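Residue numbers (our numbering), protein chains in the order written: chain G, 108 to 505; chain B, 108 to 505; chain R, 108 to 505; chain Z, 108 to 505. Cβ atoms here follow ideal geometry from the backbone N, Cα and C, with glycine treated the same way. A quick note: this is a predicted structure, and the numbers were derived from the prediction, not measured. Accompanying notes for the structure given below.
4 protein chains.
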Amino acid sequence: MEPKRLYALLRPGNPGIAAQAWRAVHHALVALGIAIMLALTVEDWHATYGEPLSDVFDVIAGFFVLEYVLRLLAAPGAPGAEHRGIWRSRLSWALSFGGIYDLAAAVPGFIAIPDSRAATLIGFIWVFKYVRYSSGLSMLERVITHARQALLSVLLGLVIVLLAAASLAYLLEHHVPQPDGSYAFRSIPAALWWAIVTLTTTGYGDVIPQTVGGRMVAGLVMVCGIMVFALLAGILATGYAEEMRRREFLRTWELVAKVPFFHNLGATLIAEVARLLRARDYPPNAAIVRRGEPGDCMFFVADGEVEIELRPQRLRLGAGSFFGELALLTGAPRNATVTATRTCTLLTLDIVDFFELLGRQPELARVIHEEASRRLGPGTPVHAALKAMIAHDREPAA
Amino acid sequence: MEPKRLYALLRPGNPGIAAQAWRAVHHALVALGIAIMLALTVEDWHATYGEPLSDVFDVIAGFFVLEYVLRLLAAPGAPGAEHRGIWRSRLSWALSFGGIYDLAAAVPGFIAIPDSRAATLIGFIWVFKYVRYSSGLSMLERVITHARQALLSVLLGLVIVLLAAASLAYLLEHHVPQPDGSYAFRSIPAALWWAIVTLTTTGYGDVIPQTVGGRMVAGLVMVCGIMVFALLAGILATGYAEEMRRREFLRTWELVAKVPFFHNLGATLIAEVARLLRARDYPPNAAIVRRGEPGDCMFFVADGEVEIELRPQRLRLGAGSFFGELALLTGAPRNATVTATRTCTLLTLDIVDFFELLGRQPELARVIHEEASRRLGPGTPVHAALKAMIAHDREPAA
Amino acid sequence: MEPKRLYALLRPGNPGIAAQAWRAVHHALVALGIAIMLALTVEDWHATYGEPLSDVFDVIAGFFVLEYVLRLLAAPGAPGAEHRGIWRSRLSWALSFGGIYDLAAAVPGFIAIPDSRAATLIGFIWVFKYVRYSSGLSMLERVITHARQALLSVLLGLVIVLLAAASLAYLLEHHVPQPDGSYAFRSIPAALWWAIVTLTTTGYGDVIPQTVGGRMVAGLVMVCGIMVFALLAGILATGYAEEMRRREFLRTWELVAKVPFFHNLGATLIAEVARLLRARDYPPNAAIVRRGEPGDCMFFVADGEVEIELRPQRLRLGAGSFFGELALLTGAPRNATVTATRTCTLLTLDIVDFFELLGRQPELARVIHEEASRRLGPGTPVHAALKAMIAHDREPAA
Amino acid sequence: MEPKRLYALLRPGNPGIAAQAWRAVHHALVALGIAIMLALTVEDWHATYGEPLSDVFDVIAGFFVLEYVLRLLAAPGAPGAEHRGIWRSRLSWALSFGGIYDLAAAVPGFIAIPDSRAATLIGFIWVFKYVRYSSGLSMLERVITHARQALLSVLLGLVIVLLAAASLAYLLEHHVPQPDGSYAFRSIPAALWWAIVTLTTTGYGDVIPQTVGGRMVAGLVMVCGIMVFALLAGILATGYAEEMRRREFLRTWELVAKVPFFHNLGATLIAEVARLLRARDYPPNAAIVRRGEPGDCMFFVADGEVEIELRPQRLRLGAGSFFGELALLTGAPRNATVTATRTCTLLTLDIVDFFELLGRQPELARVIHEEASRRLGPGTPVHAALKAMIAHDREPAA
C-alpha cells in the first residue's frame, strides 16, 4: 500500500470501514494487553495461567511492533511531508514525540521474551495509546496550558501551606506519641506526609495530631485545602469556558466556509460573516420559515434537526447543514416550510446585517455578486439591493 | 374514564386537584415501599415485624401493578397518538423506556408473594419513580449529554492516572508490609484499590504506602485527584451556564408568545422580538412607570412582582405577566403607575427597537397593524409611526 | 429614646459611633457566650471554673433579654411602620422571624438559672446572631433559592445513587466480615452509612468492602461522588455569577441615582441611563482626563481611587463618587486633570450615547434641561446639542 | 553600582542576563535552604551530616543578609523615589512589608550560629521568597480580596454548621463510647474536632458517631461540606473570570498604547480605541490578509503567530505585535499576504469603527492626522475620509 493510503487508514478520525476495523482491533488489543499485565502481577493467576497469558502478551506486543512499522511506512503520506524525501519524513516522525512513544510501546515485546516481570510491567504505558484517539484530551491540554501561570501559582501556594503546616505541626507535636505509641511528627519530612494527606482532604487517619494546637492547625489546613480545590475549580472553569467559546467560533467559521458562495473568501471575510451569525433556539415543532414568506435570512443548523417540507417528500437536515441561502442572493419568497423536529439551535444570517457588511467590504460584495450571477443564470433576478451595491461599488470607496 | 382524561390525570405537571392527590399518594407509597424494603433487611426488624411489613410491601407492589395498567390504558390519550390505533399506541408505550421500567417496578409484587428476600430487594428500583416528576433532572441530563466528550476525556485521564499510580506503587511497595503485616500492594489490581481510594481523596486508610517513594507517588495522586475534581467542576459549570442561557431564551420566547397580538407570528418572528428584550433589575418600591408619562416600552415580569395602581383597586402581577403593551400600538401616555413590590427583574421591549424591527420585517408590521386595528376599534388612533410604516410597506422593499 | 432613633441605632449598616460601639459589644458578647457554652461542656473546666463561667453566661443571656426589649421598643421606628399603631408594629415584629429568633436567644438566661446543662447548650443558637449583620449571607441565600430546583435534582440523584450503592453493596457483602470480624453490611440501613461516607469522599475507613465486586461498586460510588460535587459547584457558580451581575447593575443604578440632576427621574429612566455606562479599567497613574480637553463624558468611580488636581489642593475620590458631570450639561472643556492613583475601574457615560438617549426619551431631556438651567444660572451657556434637543422636543414626537 | 542599576537588577521581571543569573542563584539557594531545614529535623541525618549541613545553612542565611543589604542600597532607585532623599527612601523600604519580611528572612543566619534547632526551623519562612517572583499569586490575591465579603459569609456559614453539628453530636453521643472505649464526644470542643474533620470530608476515622442519630447528623454534615466546597468554587470561579476579563482589557490597552501613532493619546482615548478591538480566531494556515486587497483594518496578535510574506524573506510575528496599521492612515491596498502559522487569536481594529470614533473624538482625529502627515511624508496620500474628517473638525462641533 502506498504511504498516502496507509496514512489515511491510520488517521484517528477516518470514518472508512477499514479504518474503523483497524481502530476496533487496536483498542481491543490495548485493553487486553493491559488486562493481562494486571493479571500477571497477581501471584495465583501468574502461577496457574502464567504461560498462556505470557504468550498472548507477546502477541500483543508484537502487534505494537507492527503498528510502529506501519506508522513509519506511512510517515511520508502525512500532509505537508511531500516536499521532504521519503526517508527524511520517516526519520522526522521517528524522532517526534509520537514516534518515540510508539517505539517505547513496542519494546515490552522484545524484553518480555525471557519472561522478566519488570518488562511485563512496562505494559502499562500502552494505556497512553488511547490518548491519540481522544479529541477531548487535546482540548483539556489547551485549557491547562493556557491557565498554566495561574495553576502554577496555586501549586506554589499549596507548597507554602504544606511547609508552613508541616513546620507548625512538627513544633507542636514532635514529642507527642500517636495512640499506637509511634512518633509520626518526629521530623518535618514526616510531618509533610501528614500535611499533604490532610490538605487534599484525603485523611487516611494513620497520623492524627493529638494536641489542641495541632488540631487547630489541622482544621486550618483542611479549610485551606477546600480553598485550594475551589481556586483550581474556578481557574479551570474559566479556562474551559473560554476554550469552548473559541471552539464555538471556529465551528461557526467552518459552517460558513462550507456554503458554496463563501468558498472563495479569505479567512478574514469568512470571520466577518461568521461574526454576524446569531444563535437562536427553537422549541420542538416551531415553524421556522413558512412557504411564501419573504426570505430575509439564511440559517445554519448548529444543534438539533429541522424538517423541510419539499413537495412531495420531506427532507431532514441535522447539525452542520444550512438552508434559505437563496434569500441572500435573490430576496425571493421562501419556497418551502421548515419546522424544528426537536429543540434546536440555529444560527441566522440576517439579510440586513449581511448587506450592511457588503457595503463596508467591497471585496466581499464583488465575490458574492459574481457567484449570484453564475448560480442563478441570466433569467433569475438578482436581489435589487445587491445589484445596487455592486453598481455603487464601481465608484471609488469614500 | 376515557384515555385522554386518564392521560391528563397521570401527567406530571398537571395542576388539577385529582392529579395532585394522585401524585401525593404515589410519592408517599414510593417512599413507604423503599422504607419497608430497607427495614426488611434489618435482621431484628425482619424477625419482629416481618409479616405485617411484607403485607404492606405487597400492597404497595400491587399499587404499582395498578399504575402500570392505568398508564397502559392512558397511552392512546398521549398527544400525537391519535393517528395510531388504540392497541398500537399501547404496545408502543409498553415497549418504550418508561413502559419497561414501570413493568419492572410492578414485578416485585409478583415475586415477593413467597417472601423471597431477593425479590424484596428489587424494591430499590422504585426510587427511580421520582425521576419522572423531577423537571430539574432532565436539565442535568442535557448538561451531561452535551459535555459528554469532555467528561469522557477526563475519565480517560483518570484511568491513565489510576494505572500509572497503581503500577508505580506496586513497583515501590510490593515487598513492604503494612503495619498489620499484610501485603496490600501484592499485585496491580490490589494497588488499584488503593489508587482509586486515594485519587478520589476518599482515603479509607486501610492501605497506606510505607516507603518514601510510595508516599511521594501518593502525594502526586492526591494532587491529581483535586485537579480531576476541578476539571469536572469546570466542565459542568460551563455546560450548566450554557444550558441556563438556552432555557432563559426559551422562557423569554414563551413570554412573548403569550402576548395576544404576537399570537399569530411564526417562531422566527417571535424569536426576533424576544431578542429585543432587555433585562432590567429594579430595587423594591421603585416606580417603574408613572401615570401620564409617554408610553415608550412594554414590560414582561421575569422575576419578582409589580403592583399596578388602577383606580380604585390595586393589581399585583407576578412572574410571567406583561403590562404596558398598548404603548406599542398607540403610543398613548401611561394610564396607571406601576411599582416594584420587591427587587424584581423586568424584560423591556423598547418601542424604538420594536419599530426598527418592524421596518425590517414587513410581515411582522402587517400582522401587528391588523391586530392593532382589530383591538383598538375605529375610534382609537393607531401609533403614527406604525401607520406610516404600513403605508411605506405597501411599496416594494428596497 | 424615641423608637426612630433607637431603630437607627440597632440597624446593621449604621456608620455612627454609637451604633458601632453597640455592634462591638454585641459581637464580643456573642463570641464570649459561645466560648463559655463550649467551655462548660468540658468536664474539667466545668468542675474548676463552673461557677464564675455560669455567672458570666447568665450576664450575657441577660444582655440578650435587654436586646430583645430594645428591639421591641424600636419596632415602631422601622420604615413603613408609621401607618400602624405603636403596639401593632411591636406585635408584628415579635411574630416575625427575627422577633421569634431573638426571643429564643433570650431564653437560655431564664432556664439556665438552676444551672441545667441542656439549657446552657441552647447557647449555640447565639451564633445565628451574626447572620443579621452579614450582608453576604443574604446574597448566598438568594443564590441557593434561585438554584433550588437544580440543587434538589442533584440531591434526588444523590439519594438514588446512595440507595443503589447500598443495595448492591448489601447483596455483595452482607456475608463477608470486616477485618475486625463485624458484619458492617448486615442490612441496607447499615450499608447506607458506608455509602454516604464513601459518596461524599469522607472515607472514615470504619467500613470497607472486602470483595472484589464490593470494591468495584465502591470505586464507582467515589467517582459518582466527585461528579455530584462538580455538578453542585457548577450550579452554584452559575447562580453566583448571575447574582453578581444583578447586584452590579443595582449598584450602577444607585451610582446614577446619586447624581443631583438625575434625582428626579423615575426608576426606568435611571435604569436607562445606567444601561449606557461602560466599565473601563485604567492602569495606575494613567491620566484619565486632562485640563483643557473637550469634555465628552462623565465618570463614576466603581473601584479604586482617582486624584483631581484642583489648584491649589488635590482631591481624592474613592468608589461611589463621580466627576466630569458638567460635560453633559455644558460641553465646556475639562477644568482639571484627573489621574488614577491605582488600578481602577471607572464607569463612563458618553455624551454621544447620552444625547442619543435624550433624543428617544423626551421626558428625560426636559428634566435635564430644567436642571441645567437651574444649576448653571442665566450666564453660563447650556450645551448646544441639549438646547437644540429641547427645542425639537417641543414639537410632537414622530 | 548606583541604586538605579542595582534596582533594575533585582526587579523580578528583568529579562537581562545578569538579572536572570541573580534569580537562578536566588531560587536555587531558597530551595537548598529549605531542603537543609527539612533534613536537619530528621534525627538520623542530623546526627550524621549535622555539621556540614549547618555550615551550608549558615552560608545561605548569609546570602539573605546580603540580599537585604542590596535591596536596602537599591531602594533609592525605585521609580517614584527620586523626589525623596536617599536615606528616607531606604527607611521607607525597610518599613514596608517587603522590607520587614526580608529582614525576618535574614535573621536565621544570626540566631543559628549557636546551632539552636528552633532557629533553623525559622528557615521555612524562606519559601515566601518565591512569592515576590510569582505574577500569578498577585492575581489570586486580587481575586480573593474582591470576593472577600462572600468568602467571609461562607466561612460564617461554615462556623454555624460546625457549632450546630458539634452541639447536636455532643447531645446524641456524649455517653456512647467509641469502639476502643474512649469518649470522643465528651465535650463540645472535642466534638468540634470531629465536626471539622467531617465537614471538610477529610474523614480521618479516629472519631466516628456510633448512634443512628449521630450518623444521620454526620451524613448531613458531609452533604453540607460538599455544598460549602461548591459555594467556594462558585464564588472563586466568578471572581477569577472577572479578574481575567479585567486583565485582558489592560493587556489590550497596552497593545494599543504600543502602536507609534497612539503614543501621544491620553488613557481614556486609548481605552476608547481598545474598546473597538474585536477578538477573532483563525484556524492554522488561514490567509488573514491577501496582497492587493483593500486595507480595511489593522491587526494585533493576541495569541499564536502569523507569517508575513515580504519578498524576499518571511517575517513571523508573535503575541504582542501588530500589523496592517497603514490601512488606518492611507487606505492603500495590502502590500503583503499574512497567514496564520497556527491557531491564533487576533484583535482587529476596523477602519469603519475607527473613523466613527474619530468623528466623535475631535482630539483623537487631530492627533492621528498630525501623525499621518508626519509619518507618510508629503508625497503619500492621506486616507480621504481622514482628511475630510479633519477639515470638518475645524468647524465647531455640533
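Residue environment analysis places R:Lys365 among the exposed positions, since fewer than 16 neighbouring C-beta atoms fall within 10 angstroms of its C-beta. Under the DSSP definition of a beta bridge, G:Phe407 partners with G:Phe429, G:Leu454. Closer than 8 Å at the C-beta level to chain Z, one finds these residues of the region 125-152 of chain R: Ile141, Met144, Leu145, Ala146, Thr148, Val149, Glu150. Burial check for Z:Thr309: the Cβ neighbour count within 10 Å reaches 16 or more, so the residue is buried.
In the structure shown, B:Ala394 adopts extended strand secondary structure according to DSSP, grouped into three states. Segment contact: the region 401-414 of chain Z against the region 427-441 of chain Z, three or more CB-CB distances shorter than 8 Å; contact assigned. Taking CB atoms only, R:Met405 has no neighbour in chain Z less than 8 Å away. Not flagged as an interface residue toward chain R: B:Asp209, since no C-beta distance is shorter than 8 Å. R:Glu477 counts as exposed, since fewer than 16 other C-beta atoms from the protein chains shown sit within 10 angstroms of its C-beta. Interface with chain R (8 Å Cβ-Cβ cutoff): Z:Leu259 is included. Per DSSP, the unbroken alpha helix (DSSP H) holding R:Asp162 starts and ends at 150-181. Beta-carbon to beta-carbon, Z:Phe336 and G:Ile303 are separated by about 19 Å, too far to satisfy the 8 Å threshold.
For Z:Val266, the chain R residues whose Cβ falls inside 7 Å of its Cβ are Val234, in order along the chain. Counting only the Cα atoms, B:Tyr389 lies some 7 Å from B:Ala447. Contact of G:Ala409 with chain R is not assigned, every C-beta pair being separated by 8 Å or more. For B:Leu424, DSSP records a beta bridge to B:Val413. When beta bridges are read from the DSSP output, B:Arg385 appears opposite B:Thr455. B:Phe164 and B:Phe231 have their alpha carbons spaced roughly 12 Å apart. Taking every protein chain shown into account, the CB of Z:Ile229 has 16 or more other CB atoms within 10 angstroms, so this residue is buried. Between the alpha carbons of G:Leu179 and R:Gly264 lies a gap of roughly 49 Å. Interface flag for B:Ser203 against chain G is unset, since no Cβ pair is found closer than 8 Å. At a cut-off of 8 Å, the C-beta of Z:Arg293 has a neighbouring C-beta in chain R. DSSP, read as helix, strand or coil, puts R:Pro110 in helix. The region 243-252 of chain Z makes no contact with the region 143-162 of chain Z: fewer than 3 CB pairs, one atom from each, lie closer than 8 Å.
Taking C-alpha positions only, Z:Ala254 is separated from Z:Gly346 by approximately 6 Å.
Under a 10 Å Cβ-count criterion, R:Asp313 is classified as buried, with 16 or more other Cβ atoms of the shown protein chains found around its own Cβ. Straight across, the Cα-Cα distance linking R:Leu177 with B:Arg418 is about 40 Å. Around the Cβ of Z:Ser289, a 10 Å sphere holds fewer than 16 other Cβ atoms; the residue is exposed. Taken in chain order, the whole alpha helix (DSSP H) runs of length 4 or more contained in the region 233-270 of chain G are 242-253. For G:Gly206, the nearest beta carbon of chain B is not closer than 8 Å to its own beta carbon. Setting aside the 5 residues that flank it on each side, Z:Asp209 is surrounded in the same chain by Phe171, Glu174, Tyr175, Arg178, each with a C-beta closer than 8 Å to its C-beta; the list follows chain order. In this structure, the straight-line span from the alpha carbon of B:Lys111 to that of B:Ala181 is close to 7 Å. Linking B:Leu464 to G:Ser203 through their CA atoms gives a straight-line distance of about 57 Å. Contact check for Z:Ala212 and Z:Ser196: beta-carbon distance about 21 Å, past the 8 Å limit, so the pair fails to qualify.
Annotation: Cβ neighbours of G:Ala344 in chain R (cutoff 7 Å, chain order): Ala344. Here Z:Glu158 is exposed, its C-beta having fewer than 16 other C-beta atoms within 10 Å.
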